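Undergrad: Chains as they are written, first to last, in this note's numbering: chain A, 258 to 595; chain B, 102 to 571.
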Amino acid sequence: MKTVINKKCSTVDCSTNNCRMCKIKPSNEKEVQILSWSEAVQHQTIKAVLAKLPSNLTLTDGTVVFVPAGQQTKDPIQLAACNSSNETLVVVTEANSNLTLLDTARCGCGDKKQETKLFILVGQNATVRLAELRCLSEGQRFNGKIWASVAKNGQLKLFSGLLGGGRLDCQTEILLEGQNAVVERYGLVLGTENGRHKISDTIRHFAVGTSSYIMTRGVLTDTAFADWKLLTNIGSRINNCNGRQDSQILLLSPTAQAEITPSLEIGTDDVICSHSASIGQPDIQSLFYLRSRGLSMKQARQLIALGFFRPLANQVWDDETQETVLSMIESRLECRTD
Amino acid sequence: MTDGQIKKEDSRLNQELARASRLPARFQSTPGLTRELVIEISRQKEEPEWMLKKRLRGLKLWEDKSMPTWGPSLDGLELNKLSYFVRPDAEESRSWEDVPMEIRRTFDQLGLPQAEQKALSGVGAQFDSDVVYHNLKEEWERLGVIFESMDVAVRKYPELVQGKFMNHCVPIGEHKFTALHAAVWSGGTFIYVPPGVEVTVPMQAYFRMNSERGGQFEHTLIIADEGSTVEYIEGCSAPNYSTSSLHAGCVEIFIGRNATVHYSSIENWSKNVYNLNTKRAVVEEGGTIEWLSGNLGSCITMLYPCSVLAGRGARSDALGIAMAGTGQHQDTGFKAIHLAPDTTSTIRTRSISKDEGRASYRGLVQIGPEATAARSSVNCDALIIGSGSGSDTWPTMRTARGDSELTHEARVGRIGTEEVFYLMSRGLTADEAVKIIIGGFIDPVVRRLPLEYAVELNRLVELEMESTVG
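Dropping the structure here:
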């Protein structure tokens, strides 16, 4: 069973019942604690964890999702719809715990500029799976910042989907700080109209035996533009590491534009690293085949785009969310594949 | 030849080259760069007025521009202590007999006259700032092929040189070191191949930087007219000093309709040289540029040959190999700028870093708004040997066209222990096994070289790899 929770609110003008910031207790409260910022800073464990954040990430507000040591959450937790244009979410999991969080926000912020910050601290032997999906209105501005740290034997699986929007700027930095820490980072982008998507994903390996995988897929229509900068950094003498990147952009319009810089910075020999990147248009033979089966060009392109996203959507562990992701993409593509 | 014989031969070669490095110069500028020096270079070379103007413009831009804020550190480069113009005590000649014995011996040791007889249509040899030997076989001369030192070409063929020399291919003010090059360039090669002429035998130039705290700034200009073909090979080396030297050459290649240029360079500068080179080709409709770039020496290399695909169906193929050992940072790569429809580019590089050396690939593929149906493929693999060594890959793929196709792939890793184990189980030593694996790794690049150069490159890599294992 999925638990739906709303984030805690610290804004004074919050009064609506469907605001994700309002105080509604989760059903599995023992396993997961949702704390407002004022509560979080009183919590000794969380306070100690937050103190470890880099000085440039000092927080003064936000909602904290806290999973105490040894707690194994059975059900995924779903965050409710968003009404706020600025929000900060901090996820703290202690040793030997796990957490699955779904944030499929259908943002109702209109054309307002939206800014979100997400901080994830994965404890020793802890596992965090987090999927966030933002469906933005045309022309909407969005700034997102994700920072994560994974401790020894910790695992983080992070999925981000950005659909539509105007000018988007998203930066993600993940630090693998403990031995054998693992991160899988999945990014999905659908750029439409005159959207400008600037995305930067950085993974830094600071401990031996760490593994990282970045997989990104983007589809651009109309005059959309995407600029992806991916970096896997493995420091000097950080041995026995794996780093992989796989990024692809499908251009559905001759006026769409894209830039990918998939970078590797490796400071030692005991690594296996690779990256692959491609920018291209739908395969002519696939289009021809689909047309020969009676589909219109528009339907064929749409189907190819959905198929292109499918391997990435499959990485979302929750079937219902998978279908949500694909149906949202489908509806967005509906009038964009002429 | 056995390993022992190779070592003995190398030792003898090094002694000979060391002897040549003590040769007195006919003219050596005082350290530092001044307006007076720039005017003096132009005066000594009896250049036309337009070239002096270019030089002075270069000097102005050099003073105005700041050092690059990206890439490897250039802090060790003592620009104020370099001699920017060093003339050897020799006139340019078309016969090896007229080249002074000590200089000739250097090139003998490097195998240049022998290679000329066997496999080359023309040869140029530059010692510090001046070309000392330049010759083209008669059969090619009769077909209208021009192969001259750049200094001679400026005076002799202004109608071919003036419009193209550091104008729209490599502009003077592109960066600080192109400005420096424009101010103090000296020597280099000029090649003109008339329409329809296919030069089937390669031409070669060899650049030797001999003086301590010296700088070499040779300029190469190649014009391949419509439907022509030419292959040009450059080799570079310098003796080792404890002080830094600078090589800031410039290569401009103009490829006409349906013409083809194969450009190969094996740069084996000594480990005190900063190699900050600029190379670019402009390719017209149906033309092809094939780059082959081998970078083994120098402490810092920053070299990114660039193809500007300006005409429909123009093509660029680039192959590169970089090897970084102790104290070396090879920051290399290729660029392909697609400006016209149906243009294609491929880039393939291999790098090896060992003994705390660092090899970086920095590349760019850019597809402009007019380049319909452009295609590009990039592949760069890196081998890291030793835990202190490093490798970076910074490729950028940029397209302004939805109907373009760009792919990139790269792998970084070390020599697999299973591979070494397998070869050792077949009776090889660990050292031999590693050499074979590395030979296979660089094979795609080496295979593209003429046989003599492939052997030379393999040997250089083997020498660099010595004592890597165990």
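Every residue gets a Cβ at the ideal spot worked out from N, C-alpha and C, and that includes glycine. Computed from a predicted structure; not experimentally measured.
1. Please list, in chain order, the chain A residues whose beta carbon lies closer than 7 Å to that of D504 of chain B.
2. Could you tell me which chain B residues have their CB closer than 7 Å to the CB of I517 of chain A, listed as they occur along the chain?
3. Looking at C-alpha atoms only, which residue of A:A352, A:A326, A:D575 and A:Q556 is the closest neighbour of L509 of chain A?
4. By DSSP, does T581 of chain A sit in helix, in strand, or in coil?
5. Tell me the rounded alpha-carbon separation between M554 of chain A and E587 of chain A.
6. Have a look at the DSSP bridge pairing and note the partners of P173 of chain B.
7. Name, please, each residue of chain B whose Cβ falls closer than 7 Å to the Cβ of D527 of chain A.
8. Are the stretch 405–421 of chain A and the stretch 429–440 of chain A touching by the rule of at least three beta carbon pairs closer than 8 Å?
9. With DSSP collapsed to three states, give me the class of D165 of chain B.
10. Taking 6 Å as the limit between beta carbons, can you name the residues of its chain near S446 of chain B, skipping five residues before and five after?
11. So, Y234 of chain B versus V271 of chain B, is the Cβ gap smaller than 8 Å?
12. Say whether chain B places a C-beta atom closer than 8 Å to the C-beta of E522 of chain A.
13. Check each candidate in B:G414, B:K166, B:R136 and B:G487 and name the one with the smallest Cα separation from H276 of chain B.
14. Who does W392 of chain B pair with in a DSSP beta bridge?
15. Give, in chain order, every residue of the stretch 455–466 of chain A whose Cβ lies closer than 9 Å to some Cβ of chain B.
16. Are there three or more Cβ pairs, one per stretch, closer than 8 Å when the stretch 349–362 of chain A is compared with the stretch 387–407 of chain A?
17. Would you call S493 of chain A buried or exposed, if buried means 16 or more other Cβ atoms sit within 10 Å of its Cβ?
18. Assign Q412 of chain A to one of three DSSP states: helix, strand, or coil.
19. Inspect the CB distances between the stretch 315–325 of chain A and the stretch 288–305 of chain A and report whether three or more fall short of 8 Å.
20. Using a cut-off of 7 Å between C-beta atoms, extract the partners of L487 of chain A located in chain B.
21. Return the CA-CA distance between D443 of chain B and A475 of chain B, expressed in angstroms with no decimal places.
22. Enumerate in chain order the residues of its own chain whose CB-to-CB distance from T321 of chain B is below 6 Å, with the five nearest sequence positions on each side excluded.
23. Would D576 of chain A be called buried (16 or more neighbouring beta carbons within 10 Å of its own) or exposed?
24. Chain B partners of C530 of chain A, CB-CB under 9 Å?
25. W404 of chain A to A325 of chain B, Cα distance in whole Å?
26. Compare the C-alpha of G564 of chain A against each of A:S312, A:R474, A:Q397 and A:N313 and name the closest.
27. Give me the chain A residues within the contact set of A501 of chain B, using Cβ-Cβ distance strictly less than 8 Å, ordered along the chain.
28. Taking only beta-carbon positions, decide if T530 of chain B is within less than 8 Å of chain A.
29. Measuring CB atoms only, is the stretch 391–405 of chain B touching the stretch 423–434 of chain B, in the sense that at least three cross pairs come out at less than 8 Å?
30. Check the DSSP bridge columns for R449 of chain B and list the partner residues they point to.
31. Helix, strand or coil: how does DSSP classify F376 of chain A here?
32. Got a sec, what are the start and stop residues for the beta strand (DSSP E) W495 of chain B sits in?
33. Using three-state DSSP, classify A308 of chain A as helix, strand or coil.
34. For L507 of chain B, would you say it is in contact with chain A, using Cβ-to-Cβ distances shorter than 8 Å as the test?
35. Quick one: residues in its chain with C-beta nearer than 7 Å to the C-beta of K182 of chain B, no 5 flanking neighbours on either side, listed in chain order?
36. Which of the three DSSP states, helix, strand or coil, is assigned to H282 of chain B?
TA: With the given structure in hand:
1. P511 and Q538
2. In chain order: M498.
3. The candidate whose alpha carbon is nearest that of L509 of chain A is A:Q556.
4. In this structure, T581 of chain A counts as helix in the three-state DSSP scheme.
5. C-alpha separation (whole angstroms): 15 Å.
6. Answer is none; P173 of chain B lacks a bridge partner.
7. S488 and R515
8. Taking a contact to require three or more Cβ pairs closer than 8 Å, the stretch 405–421 of chain A and the stretch 429–440 of chain A qualify as touching.
9. Note: D165 of chain B maps to helix in three-state DSSP.
10. S417, A437 and S477
11. no
12. yes
13. B:K166
14. B:Y364 and B:A419
15. Those would be none; no residue qualifies.
16. yes
17. exposed
18. strand
19. yes
20. Chain order gives no chain B residues near L487 of chain A, where near means a beta carbon separation below 7 Å; the closest approach is about 11 Å.
21. 5 Å
22. G289, T290 and V352
23. exposed
24. C530 of chain A reaches chain B at A483, S492, T494, A511, R512, V513 and G514, counting residues in chain order whose Cβ is nearer than 9 Å.
25. About 54 Å.
26. Minimum Cα distance to G564 of chain A is reached at A:R474.
27. Q514
28. no
29. Counting C-beta pairs with one atom in each stretch, the stretch 391–405 of chain B and the stretch 423–434 of chain B have three or more that are closer than 8 Å, which means they touch.
30. B:L420 and B:N480
31. strand
32. G491 to T500
33. coil
34. yes
35. P132 and R314
36. The answer is helix: DSSP assigns H282 of chain B an H, G or I state.
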